[in-house]
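Residues in the sequence shown are numbered from 25 upward in steps of one, following the numbering used here. Scroll down for the structure; my scribbles are underneath it.
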Amino acid sequence: MRRRSFFIQKNISSQFRTRSVSRVSESTAMAPVSVKRVLISESVDPCCKTILQENGIEVTEKQQMTKEELIAEIQNYDGLVVRSATKVTADIINAGSNLKIIGRAGTGVDNVDVDAATKRGIIVMNTPSGNTISAAELTCALLMSLSRHIPQAVMSMKDGKWDRKKFMGAELYGKVLGIVGLGRIGKEVAARMQSFGMKTIGYDPITPPEVSASWGVEQMSLEQLWPQCDYITVHTPLMPSTTGLLNDASFAKCKKGVKVVNCARGGIIDEDALLRAVESGQCGGAGLDVFVEEPPKNRALVNHPNVISCPHLGASTKEAQARCGKDIALQIVDMVTGKALVGAVNAQVLVSSFSPDSHQWIRLAESMGRVLKACSTSKKPYSQVHVTSLGESLKKSTGFLSSAAVVGLLTEGPQKGPNLVNALPLAAETGITMKTDHSDTSDREACVVEVSVNGSICKAVGSVQAGVPVLLELNGSVFRQPVPLRGHLLFFKAATSTELLLSITRVLAAAGVELQSFSASTASSGDQWYCMGISFLLGDIGALKSLVKEAAQLTV
25 MRRRSFFIQK NISSQFRTRS VSRVSESTAM APVSVKRVLI SESVDPCCKT
75 ILQENGIEVT EKQQMTKEEL IAEIQNYDGL VVRSATKVTA DIINAGSNLK
125 IIGRAGTGVD NVDVDAATKR GIIVMNTPSG NTISAAELTC ALLMSLSRHI
175 PQAVMSMKDG KWDRKKFMGA ELYGKVLGIV GLGRIGKEVA ARMQSFGMKT
225 IGYDPITPPE VSASWGVEQM SLEQLWPQCD YITVHTPLMP STTGLLNDAS
275 FAKCKKGVKV VNCARGGIID EDALLRAVES GQCGGAGLDV FVEEPPKNRA
325 LVNHPNVISC PHLGASTKEA QARCGKDIAL QIVDMVTGKA LVGAVNAQVL
375 VSSFSPDSHQ WIRLAESMGR VLKACSTSKK PYSQVHVTSL GESLKKSTGF
425 LSSAAVVGLL TEGPQKGPNL VNALPLAAET GITMKTDHSD TSDREACVVE
475 VSVNGSICKA VGSVQAGVPV LLELNGSVFR QPVPLRGHLL FFKAATSTEL
525 LLSITRVLAA AGVELQSFSA STASSGDQWY CMGISFLLGD IGALKSLVKE
575 AAQLTV
C-alpha cells in the first residue's frame, strides 16, 4: 500500500523534523519547575549525572529495567532521562505521579508517548543536535561501503580468500544521491557526499527550496526524485505518514539497482518490500542501522549478502554520547532554575513566554480565566474561548496567554489542575474551541478574554501595571480603579446604590471579614460589576444573594 500523506498534507509537515523550542516556561507563574530526583534508565555519559548533581539534583541510575520495574520505580522521581532503548509508554507516564520532565538524550522521541505526556502536563525534551555529526558520518560510511562492498570484502579476507572480481564496485563520483529529509543530518550528509563529486537532490516539506539550494541540494517532488537516484538516504522521524515510505510502489519507480541507506528510524523503509527488492535486483544493496524490531528477530534482511547492517550505531560515538549527555543535563538544569526550556517538543505554544516580563502576563491571563470561571459558574459548559492581545509588545504572546486563560478556566479548587503544557489539549477534549487574535492598533497593552457559554459571552479585559496584573473591565463594567488580581476577591453585580454597599459591608462585618479595597464601575446607572478585596472568603456567599443579582468570590 502506498503511503504518501506525509508529503501531501502540509498540516502535519511541522512534525517532519523535531525542532528545538527555545526559552519557554512550564509553570504558569514562571517559577522554576521543582525537580529534585531524576532517574537515568540507560547508559548515558557520566557528565550527565555529574552536571545534575552539581546543581543539587539527586540522580539514580538503574539500567535494563523491565516495564513493570520502571512502572513501580518511576513514581519516586520528578524527571526521567532515557536514550532510545527505554520505551516510555502511557502506562509508565501515568504511573509517574510526580513526573515533570522526560529527557531524551538524543534525536527524536518516537520511544516516548508524547501525547500521553502532554495530557499529563509533562514536558518532553530531546537534544536534537547532539548526534548530528555522528549519524551523518555513519550514513556516509554506509554509502561508501555499499559502493565498494567493503564489509563483504573484509569478511572474505578473514575467510582466507582473495577474490578481487567478486567485489567489483562503482565510484560515487558523478552519481545522484537522493536525500529524503533535509534537516540537520540531511544537510551534513549532503555536504560530505558532495566532496565525493555526487549530485545531491532531495525533498523536505519544511526547508524552503532556496535554503537547501544554498547547500547544493536541489529540491523536487518524490515522483521526480525516485527515478533519478543511484543512492537514497532517509532522514525523517518515524510517524504514521512516514512508515513504509519506501515500499513496493516507490521501489518500482526507482532505477534498477538503486542502493538505499536508513540511519534514521526502523520502519521508514518497508522491510518486507526491501527484501523483495534486493532479492529481485531492483535494489542493489541496503545499509541499515535501524530496524522495526531491535534487535531484529527476522534475520532475512540481515543475512542477505547485499545488505550491510549495524546494531543502531548512529549515535554510538564518544563525542555524540558526551554531547547528548551534557546537553540534556544542562537543559534540565536551565528548566529547574527558570532560565530557559530548550529542546521541548510538546510545548511549542510557549515559544515566546520566556521573557523578562512574560510571567506577569501569564499570571494575568490565568487570573482572568479564574475570574470568568467564578462569575459564570451557573452558565457552564464553555463552548469557545477567544483571547485577543493588544499592543505591539504582545504580538507573539497570544499562544501562552490562551493557554494560561484555559488553565484558569479549567482548574478546579486547590488540587493539581492543568498547566501550560496540557491546557489546550484538555480544552479540545472538553469541547472548547480556541480562537486567538492580535491588534497592533491599540494605544495600550492589554489582554482580552471572552468565554462563550450557552450562547452568552463573558468578557474580561486586563493588563499589567507597574508589574502587577490588574483587571480593567468585567462583562462591560469598566472599573474606576484597576482591580489588582491577587488575594481574596469578591465580585458582585447590582444596580448602583449607597444602601447596597452599606448592606454588603454589614454582611462582611458580621462574618468577621475585613474590607481591604473596593473598585466600582465608571457607569453611574444600571446593573454593574463591583469588586471588593477582602481579608478572607465568606463562609456562605448565599448571604449576599438577596442583595445582588450575581455574586462570586475567589482567591488568586
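All C-beta atoms, glycine included, are put in the ideal place defined by N, C-alpha and C. Just so you know, these numbers come straight off a predicted model, no measurement behind them.
Requested in this report: Tell me where the beta strand (DSSP E) around P508 begins and ends.
Outcome: 501-508
Requested in this report: Could you tell me whether the Cβ of R208 comes closer than 8 Å to any Cβ of chain B?
Outcome: The chain inventory of the structure shown lacks chain B, comprising one protein chain alone.
Query raised in the report: What is the rounded straight-line gap between the Cα of R47 and the Cα of Q306?
Result: In this prediction, R47 has a pLDDT of 33, which is less than 50 and means its spatial position is unreliable; what the coordinates show is noted afterwards. Near 48 Å, if we compare the C-alpha coordinates of Q306 and R47.
Query raised in the report: Got a sec, what are the start and stop residues for the beta strand (DSSP E) V531 sits in?
Result: Not the beta strand (DSSP E): V531 falls in the alpha helix (DSSP H), residues 522-534.
Query raised in the report: Span of the alpha helix (DSSP H) holding C72?
Result: 70-78
Requested in this report: Could you tell me whether the Cβ atoms of A576 and G550 are closer together than 8 Å?
Outcome: Not in contact: A576 and G550 (Cβ atoms no closer than 8 Å).
Query raised in the report: Thinking just about the alpha-carbon of each residue, which of D254, T257, Q248, R208 is nearest to the one in V235?
Result: R208
Query raised in the report: Rounded to a whole number of angstroms, what is the C-alpha to C-alpha distance between R62 and I558?
Result: Sequence check: residue 62 is Val here, not Arg. If I take the Cα positions, the gap works out to 42 Å.
Query raised in the report: Which of helix, strand or coil does DSSP assign to W553?
Result: strand
Query raised in the report: Taking the alpha carbon of I75 as the point to measure from, which residue in D358, L532, D183, A353 has its own alpha carbon closest?
Result: A353
Query - Residues bridged to P493 (per DSSP) - result: V488
**Report entry** Which listed residue (L514, A490, L206) has its alpha carbon closest to that of Q540
**Finding:** L514
Report task. Please state whether DSSP places A288 in a helix, a strand or coil. Result -> coil
Query raised in the report: N327: which of Q489, A310, H336 sits nearest, CA to CA?
Result: A310
Query - C-alpha gap between N122 and R530, whole angstroms - result: 45 Å
Query raised in the report: Would you call the CB atoms of G193 and H173 closer than 8 Å?
Result: yes
Requested in this report: In angstroms with no decimal places, state the Cα-to-Cα distance between Q372 and T460.
Outcome: Rounded to the nearest angstrom, the two C-alpha atoms are 15 Å apart.
Query - Status (buried if at least 16 other CB within 10 Å, exposed otherwise) for G349 - result: buried
Query raised in the report: Taking DSSP as the reference, what is the three-state secondary structure of V118?
Result: Note that residue 118 is Asn in the sequence shown here, rather than Val. Three-state result, N118: helix.
Requested in this report: Output the boundary residues of the alpha helix (DSSP H) element that contains M458.
Outcome: It is not in any alpha helix (DSSP H) - M458 instead sits in the beta strand (DSSP E) that spans 457-463.
Query raised in the report: If A490 sits next to M392, beta carbons under 8 Å apart, how far is it from one beta carbon to the other, in whole angstroms?
Result: No, A490 and M392 are not in contact; Cβ-Cβ is about 18 Å, not under 8 Å.
Query raised in the report: Per DSSP, what kind of secondary structure is A519 in: helix, strand or coil?
Result: Strand at A519.
Requested in this report: Between the Cα of C287 and those of G205, I126, K91, spot the shortest distance and give me the residue it belongs to.
Outcome: G205
Query - Cβ neighbour criterion (16 or more within 10 Å) applied to F560 - result: exposed
**Report entry** Span separating the alpha-carbon of A567 from that of L434
**Finding:** 27 Å
Report task. Going by DSSP, name the residue or residues bridged to T412. Result -> D461, V472
Query raised in the report: Which residues does DSSP pair with F542 in a beta bridge?
Result: In the DSSP assignment, F542 forms a beta bridge with M556.
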